[in-house]
Amino acid sequence: MQRFDPRIYLFTVGHFSIDWAQGAIPALLPYFIATYGWSYQDAGTIVFANILLSSILQPVFGYYSDRVSRPWFAPLGAVISGVCIAVLPFVTDYWMVFCCSMFSGLGSAIYHPEAARMVNGLAGTHKGKALGTFSVGGNAGFAVGPLFAGFCAYVAGIQGLLFYAVFNTAVAVLLHHRMPGILRDMAAQQPAAKAEGQGAEAKNDWRSFGKLTILIFARSIGFDGCNAFLPLYLISVLSATAATGSLALTILFALGAVITYFGGILADRLGYVRVLRVSFLVMIPAMFLLVNSDSLTFALLLLPLVAFSLFAPYSSAVVLGQTYLSKNIGFASGVTLGLTTTFGGLVTPLIGRAADTYGIDAALQCLWIVAILGAVCSFALRTPDALKQPKPAHACES
């Protein structure tokens, strides 16, 4: 069996650099509200800005990468995301913050499809493990990003956000340096893959992919709802400190990084569709209890269940999407990797407006409602033939 290519870890670090920049923005919202007097709707719109270009362009870049590869997109995306966060300490105008947030999302849109396509190309016979490892980098970024951003905003000084540019640029330089060898080895592997029958008779199942997309949208609303408003909910409703609010987000995504990896392993054993169904069935009570809690301790104790429901289906959705659209892996990656963590950001201004009008606890009731939608869609999915476990030889003979 082909060995696991360690260069996949390089793209995992790149995924970390993209998503720790995205994870910084929600953690900075309490700082912006306190410093500039923004409303909840204003804060939600900043998250919307971060998600806007990312949501629209990720599938576009993915579709483009299926036809004309642009390997330099991966390091470019890392640089854009980091620099845009580093600029935030030096702008005070709302619309300048809006633009910085939006173009940081552009870096995410550029990176994800091309990097995921390369990981798929390097993975060989370890595609499940490779995509799980790649996904862990993003979830770890969402875990560390809020913690570091909160540390800069409330402890060390907001100028500490400059380190986002330093770190992301270093990752981009390393990616660019290793790219020629990666491309050479990917090209060498293609004839061998064809000889072994990998990717033969690739077909697109758009109907199943459409059902999966609805499920992804439901999960994304839960993901971005927590990402944008969990700290604000804990602070304003449950009387947590700003530091505790940021820490809760870090705990959620730290758990998510671990759960994503083991969720992929669980899916290999139990089935990808089954893991999706269990995750959404857990999400319904977990979200309901979280947004109706009157105890900070109880809310924090619910974070493992919330994390399981949000992150366990992550790898399953990616693998299913790439399998349903086996002729358009880049496009499928743009939707499953990108919209999984970005589509919900398009809804955050509406949640913010509802929070301004009715209270943030009332507005967040949508999280368990969309979980019901996701659960319904999960039971409409089928397992692709390519992912079904082959029967043992003796069973076939009998």
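When we follow my numbering, the leftmost residue of the sequence shown carries the number -6, and every step to the right adds one.
Note that beta-carbon positions come from the ideal geometry of N, C-alpha and C, so glycine has one too.
- Straight-line measurement puts the Cα of residue 261 at about 10 Å from the Cα of residue 312.
- For residue 253, the enclosing alpha helix (DSSP H) starts and ends at 235 to 263.
- For residue 346, the uninterrupted alpha helix (DSSP H) segment begins and ends at 341 to 351.
- Scanning its chain for C-beta atoms nearer than 8 Å, with the 5 sequence neighbours on each side dropped, one finds around residue 111 the residues 4, 64, 67, 175 and 179, in chain order.
- A direct Cα-Cα distance of roughly 20 Å separates residue 54 from residue 130.
- Spatial neighbours of residue 288 in its own chain (CB-CB distance under 8 Å, excluding positions within 5 residues in sequence) are listed in chain order as 231.
- Within the DSSP bridge table, the entry for residue 43 names no partner.
- In this structure, the CA atom of residue 72 is about 14 Å from the CA atom of residue 154.
- Look at residue 155 here: in three-state DSSP terms it is helix.
- Around residue 254, the same chain offers 125 and 129 as residues with beta carbons nearer than 6 Å, after the five sequence neighbours per side are excluded.
- Comparing alpha carbon positions, the residue from 322, 301, 282 and 316 closest to residue 361 is 282.
- Around the Cβ of residue 80, a 10 Å sphere holds 16 or more other Cβ atoms; the residue is buried.
- The closest CA to that of residue 103, considering only 141, 256, 10 and 144, is found on 10.
- Residue range 1 to 29 is occupied by the alpha helix (DSSP H) that includes residue 17.
- DSSP, reduced to helix, strand and coil, places residue 231 outside both helices and strands of the structure shown, so it counts as coil.
- When the five nearest sequence neighbours on each side are left out, the beta carbons in the same chain lying within less than 6 Å of the beta carbon of residue 136 are those of 243, 246, 247 and 250, in order along the chain.
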